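Here's the structure, in structure tokens; my notes come after.
Number of protein chains: 2
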Amino acid sequence: MVLFVWRLSRRQSMSYQAPYQDMQWLMQQAYQAQQLANFDSLADFDLDLANAIIDEASKFASGVLAPLNVVGDEEGCHFADGNVTTPQGWKDAYAQFRDAGWIGLALPEEYGGQGLPKYIAQPVNEMWLSSNLAFVMFAALAQGGSEILLKFASDEIKARYLSQIVTGEWTVAMALTEPNAGSDLGALSTKALPQEDGTYLIKGQKIYITYGEHDMADNIVHLVLARTPDAPAGSRGISLFAVPKYRVQADGSLGEFNDIRCTGIEHKTGLHGSPTCSISYGDNDACQGELIGELNQGLMAMFVLMNEARLSCGMQGVALGELGFQKALQYAQERVQGAGYDGQRVTIIEHPDVKRMLLSLRAETFGLRALGYQIAAMIDVAEQSDDKDQRRAMHQQIALLTPIFKGFSTEQANIMAGTAVQVFGGMGFVEETGIAQVMRDARIITIYEGTTGIQSKDLVYRKVRADKGAAVQALIASMKASLAAAREIAPLQASASRFDVALEQLEISLSQVLLDEAQSNAGLDALSVPFLMAMGGICCSWQLLQSAVTAYGELANDETYFGNVMALCDYYSSYHLPHAQASLTTVMSGSQGVDAYRF
Amino acid sequence: MVLFVWRLSRRQSMSYQAPYQDMQWLMQQAYQAQQLANFDSLADFDLDLANAIIDEASKFASGVLAPLNVVGDEEGCHFADGNVTTPQGWKDAYAQFRDAGWIGLALPEEYGGQGLPKYIAQPVNEMWLSSNLAFVMFAALAQGGSEILLKFASDEIKARYLSQIVTGEWTVAMALTEPNAGSDLGALSTKALPQEDGTYLIKGQKIYITYGEHDMADNIVHLVLARTPDAPAGSRGISLFAVPKYRVQADGSLGEFNDIRCTGIEHKTGLHGSPTCSISYGDNDACQGELIGELNQGLMAMFVLMNEARLSCGMQGVALGELGFQKALQYAQERVQGAGYDGQRVTIIEHPDVKRMLLSLRAETFGLRALGYQIAAMIDVAEQSDDKDQRRAMHQQIALLTPIFKGFSTEQANIMAGTAVQVFGGMGFVEETGIAQVMRDARIITIYEGTTGIQSKDLVYRKVRADKGAAVQALIASMKASLAAAREIAPLQASASRFDVALEQLEISLSQVLLDEAQSNAGLDALSVPFLMAMGGICCSWQLLQSAVTAYGELANDETYFGNVMALCDYYSSYHLPHAQASLTTVMSGSQGVDAYRF
Numbered sequence: 001m002v003l004f005v006w007r008l009s010r011r012q013s014m015s016y017q018a019p020y021q022d023m024q025w026l027m028q029q030a031y032q033a034q035q036l037a038n039f040d041s042l043a044d045f046d047l048d049l050a051n052a053i054i055d056e057a058s059k060f061a062s063g064v065l066a067p068l069n070v071v072g073d074e075e076g077c078h079f080a081d082g083n084v085t086t087p088q089g090w091k092d093a094y095a096q097f098r099d100a101g102w103i104g105l106a107l108p109e110e111y112g113g114q115g116l117p118k119y120i121a122q123p124v125n126e127m128w129l130s131s132n133l134a135f136v137m138f139a140a141l142a143q144g145g146s147e148i149l150l151k152f153a154s155d156e157i158k159a160r161y162l163s164q165i166v167t168g169e170w171t172v173a174m175a176l177t178e179p180n181a182g183s184d185l186g187a188l189s190t191k192a193l194p195q196e197d198g199t200y201l202i203k204g205q206k207i208y209i210t211y212g213e214h215d216m217a218d219n220i221v222h223l224v225l226a227r228t229p230d231a232p233a234g235s236r237g238i239s240l241f242a243v244p245k246y247r248v249q250a251d252g253s254l255g256e257f258n259d260i261r262c263t264g265i266e267h268k269t270g271l272h273g274s275p276t277c278s279i280s281y282g283d284n285d286a287c288q289g290e291l292i293g294e295l296n297q298g299l300m301a302m303f304v305l306m307n308e309a310r311l312s313c314g315m316q317g318v319a320l321g322e323l324g325f326q327k328a329l330q331y332a333q334e335r336v337q338g339a340g341y342d343g344q345r346v347t348i349i350e351h352p353d354v355k356r357m358l359l360s361l362r363a364e365t366f367g368l369r370a371l372g373y374q375i376a377a378m379i380d381v382a383e384q385s386d387d388k389d390q391r392r393a394m395h396q397q398i399a400l401l402t403p404i405f406k407g408f409s410t411e412q413a414n415i416m417a418g419t420a421v422q423v424f425g426g427m428g429f430v431e432e433t434g435i436a437q438v439m440r441d442a443r444i445i446t447i448y449e450g451t452t453g454i455q456s457k458d459l460v461y462r463k464v465r466a467d468k469g470a471a472v473q474a475l476i477a478s479m480k481a482s483l484a485a486a487r488e489i490a491p492l493q494a495s496a497s498r499f500d501v502a503l504e505q506l507e508i509s510l511s512q513v514l515l516d517e518a519q520s521n522a523g524l525d526a527l528s529v530p531f532l533m534a535m536g537g538i539c540c541s542w543q544l545l546q547s548a549v550t551a552y553g554e555l556a557n558d559e560t561y562f563g564n565v566m567a568l569c570d571y572y573s574s575y576h577l578p579h580a581q582a583s584l585t586t587v588m589s590g591s592q593g594v595d596a597y598r599f
Numbered sequence: 001m002v003l004f005v006w007r008l009s010r011r012q013s014m015s016y017q018a019p020y021q022d023m024q025w026l027m028q029q030a031y032q033a034q035q036l037a038n039f040d041s042l043a044d045f046d047l048d049l050a051n052a053i054i055d056e057a058s059k060f061a062s063g064v065l066a067p068l069n070v071v072g073d074e075e076g077c078h079f080a081d082g083n084v085t086t087p088q089g090w091k092d093a094y095a096q097f098r099d100a101g102w103i104g105l106a107l108p109e110e111y112g113g114q115g116l117p118k119y120i121a122q123p124v125n126e127m128w129l130s131s132n133l134a135f136v137m138f139a140a141l142a143q144g145g146s147e148i149l150l151k152f153a154s155d156e157i158k159a160r161y162l163s164q165i166v167t168g169e170w171t172v173a174m175a176l177t178e179p180n181a182g183s184d185l186g187a188l189s190t191k192a193l194p195q196e197d198g199t200y201l202i203k204g205q206k207i208y209i210t211y212g213e214h215d216m217a218d219n220i221v222h223l224v225l226a227r228t229p230d231a232p233a234g235s236r237g238i239s240l241f242a243v244p245k246y247r248v249q250a251d252g253s254l255g256e257f258n259d260i261r262c263t264g265i266e267h268k269t270g271l272h273g274s275p276t277c278s279i280s281y282g283d284n285d286a287c288q289g290e291l292i293g294e295l296n297q298g299l300m301a302m303f304v305l306m307n308e309a310r311l312s313c314g315m316q317g318v319a320l321g322e323l324g325f326q327k328a329l330q331y332a333q334e335r336v337q338g339a340g341y342d343g344q345r346v347t348i349i350e351h352p353d354v355k356r357m358l359l360s361l362r363a364e365t366f367g368l369r370a371l372g373y374q375i376a377a378m379i380d381v382a383e384q385s386d387d388k389d390q391r392r393a394m395h396q397q398i399a400l401l402t403p404i405f406k407g408f409s410t411e412q413a414n415i416m417a418g419t420a421v422q423v424f425g426g427m428g429f430v431e432e433t434g435i436a437q438v439m440r441d442a443r444i445i446t447i448y449e450g451t452t453g454i455q456s457k458d459l460v461y462r463k464v465r466a467d468k469g470a471a472v473q474a475l476i477a478s479m480k481a482s483l484a485a486a487r488e489i490a491p492l493q494a495s496a497s498r499f500d501v502a503l504e505q506l507e508i509s510l511s512q513v514l515l516d517e518a519q520s521n522a523g524l525d526a527l528s529v530p531f532l533m534a535m536g537g538i539c540c541s542w543q544l545l546q547s548a549v550t551a552y553g554e555l556a557n558d559e560t561y562f563g564n565v566m567a568l569c570d571y572y573s574s575y576h577l578p579h580a581q582a583s584l585t586t587v588m589s590g591s592q593g594v595d596a597y598r599f
């Protein structure tokens, strides 16, 4: 029993600490690269403020959220008689999170938010996701839901819901999926019958609704996709409705129950702490909804949320990679096993292959984090710039990078979680050490908000072929600028040369992807995931190269830290970049095997 | 609730079916490649018998074992007051397994076994591992334990234990690991005090003992590693002891309890059905053991078991890959989602990217299975040949391929399990569909019986550098023979060319690995896993190329099946082989990043 007790206490003590130095430095790098200091509208939100906020958030993440991550996994949610009870401590943590104003961090001050730019919100978001992904999913829902309402809802609906959501009095649930409509939302069949008072009667069954029912807030605003009776078939006939759990009266107070019944929660492999609900709307024909935006334009509204959610998924990859890395590093620094070359027993971090695994986690997380922070700063530019061309160019880059970041980061997070378990050896397979939770939690992020396959098709068709490669070429130009800078620095020659070769390969396979005649649609589809994975690896390698260039200039300030950044760049270009190139080789060699095989 | 019930029934119905055609054909290919018909001693064990046995085993696997795999995962084992209760149905299935004579399948007839050659036992083993890995771990223990006793035990000990083990009356448990002695067994501290009657008093705590305690058999023979009082430190002072749960009396009947107490079972991520026990030996100074083999030679005996176990782990990779593939294929053929190019709704297998994922599973499993069956047939040659040189050459090849097969197959199994979950989309994250179990179960196989890092060091130092590359060169020569044959066949030109380039790269990086001055030990250690992964991918590609050559000659017999084998070869060389080459690129570019980074 002693062993078990030791392990459990280990699991609790191996808590998350925000990677403060990385966050601060990479945030600064993104701030400078995107020249955010140029925008008067961001004058109040400089790096000093950013660092202060990160500091505050890191205390909350480590102190309140991280300890509950274990509780959520072990206890899970409870379902009985239509009610969902969250794990012990969840409700109280929600109240603290809400009262500290974290929910509306990047939402407008007009509705009670703090209006922070994305470049600050991104590292804060990363901390939430690392410390307790299952818990903070409601925060992403509040963010995405608010943005939909801001953009599409009538003033009346905004007035009814927005401040309540931004301040966290009420939560948001997104009701999209049905048993027969998952990735293909066009197949959904939930009905919305127009009523004389202008509202709609909602009727149907939805599944996979995160926080669709829970005990942490007084009301839940469901954003429900449904069809009106005369709607066209498929995805052109879908509308979006606001459907509160309790109806909201004219004075803003809560009225009668709106006939929304939770019929069960999922028994999931991971994310036990977040209730994934099946919900029945309008069993008693008394579920009232209000149209958001235009009729039959529901999917368009949903895409606003979706892009936001996909970028958040990319950060989830970073966050889970970081969590796995921290736990693995701590274990490797404490666990004594085997001997070094001098025959003395050592902690396992002294074994070069264990160090290799830790470096893989470290380098991948660092590169992905750098990319995620750059995208956040790009969003700030896209939102703040007065220059129409700059805004358009930024939107184009963000649109291109979104599926790459989502697809690659989430796939890598799964590999990283496996590597982190491997560092633990047999202890990794025992739940008490907690590392297996990272692996189980990570397993959904390549699936929800659009699978890796869907990201890849989005990338190849809508982001690369649709503009004849213009956005990718602009991205490659940025990469070449970093490459040219690296070429000036002697210790970066090896990494730069490797990156150069990879870029050349990318350009060749890009022309293959763009060539209309070269590929059948089916052939291109089957190559789209390798293409995305290649783009992801090259983006990470680029970010590490650019970071190494900057780090070289700062070596005098902190030789260990900035020397390490340069070492990560070398490591990634030697151990990871070749696999991006391998994926490009696949893109070039075509997809005959997929066509030829008959199941 | 309807949805939940549907899923649970789906989980039960998505059962395992032996891949009969693959097994039969690849077994035949191995039989012919290793010319097993030449051995008179195998005359009774021809392909007709092999097929009949496979047929019989497949019924048992699908009918009895596979349904219990779900039960084992959901119910798990129970521990109370030192007793372990296996999941419902386990005990009865054990009795059936034992009575049908499956345990002694490849063990000597002299002790009640059936004496089958490995080339037949391997596909049978694969079926057990696919249908219920957690359950059949006792069978591998019986096999390995018997081989240790056959090779090292005195006639007296053999007489006492062997027939009981071979017939399954008693089971075997291997007690190696201690809290501070995992990968480094040399650190163990369990004591063995010599007694006047020639026996030893065993005293110590062991962990991670599979089936160390259970309710399926009357007695459990623990093979325990321990130290005698004057033993040298480290791995040279370890001896092996037979320690039965109940002492065995002169007439073979069970005597008094031998002071072996189970103190708990692990709460594991996967393999819930197999009890992983912590055991305390000799709490009351009444735990009697008998020495097996020579004093201080315990690790040598253990290596016999270990090599056997490592090859079994490689087959576990194949088996779990196959299981994931079957479930994913069935789901993809039934699940309607999205539309084809003509706009009609389709089952998801029609989506090229889903087909790509299924082909990855299919090709990898096929290549690994072919490799596993070849190794089994090589063991038969090594055991049956009268030619000393042939025996030595075979032993050398088996020794080389063991860490490659173990390391690569188990790593790929984890990737494959992830891919299989991905095919299921959101349903994959829900436990009721059963695919998540494959992922959870697979997570340990890269760890137990020597982690991938340990396999890689074994490969690089003991199997490649120790003989100056002789064994690898012999392997490459076999590969070149297959390549030459493929070169003669027009439809295999593309695959052959890709394989040719990869082989060239392998030879270049091999010379790098062999060059004494090129690498520090630390540098080479950090490159050993990439080197193993490259060797694994090249071995798979080789097996697929050789299979495609044979398949081409049989196209007239079954155009679909053999055409598919050729398509798998093409697919693998286009989608997987480039990643093996990427790993070789890493080997060539060195390991500066590992040395340079300071944690």
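From first to last, the protein sequence lines stand for chains W and X. Going left to right, the first sequence walks through residues 1 to 599 as the working numbering numbers them. Going left to right, the second sequence walks through residues 1 to 599 as the working numbering numbers them. Think of the CB as a built atom: it goes at the ideal place given N, C-alpha and C, for glycine as much as any other residue. None of these values were measured; they are calculated from a predicted model.
What would DSSP say about residue i, mapped onto helix, strand or coil?
i      : result
X/I120 : helix
X/A242 : strand
W/Q32  : helix
W/I489 : coil
W/A100 : coil
W/K355 : helix
X/Y208 : strand
X/N51  : helix
Is it true that the CB of residue j sits closer than 8 Å to the CB of residue i?
i      : j      : result
W/G321 : W/M416 : yes
X/R227 : X/S189 : yes
W/V318 : W/L368 : yes
X/Y552 : X/A363 : no
For the putative contact between residue i and residue j, defined by C-beta atoms under 8 Å, what is the C-beta separation to the nearest angstrom?
i      : j      : result
W/R236 : W/N296 : 6 Å
X/P530 : X/V587 : 5 Å
Between the C-alpha atoms of residue i and residue j, what's the straight-line distance to the nearest angstrom?
i      : j      : result
W/R443 : W/T419 : 14 Å
W/Q28  : X/Q344 : 50 Å
W/L361 : W/G314 : 15 Å
W/A556 : W/G372 : 27 Å
W/K59  : W/W128 : 11 Å
X/Q122 : X/W542 : 20 Å
X/F562 : X/P491 : 13 Å
X/S528 : W/H351 : 12 Å
X/G198 : X/E290 : 8 Å
Are there 16 or more other CB atoms within 10 angstroms of the CB of residue i, so buried, or fewer, so exposed?
i     : result
X/H78 : exposed
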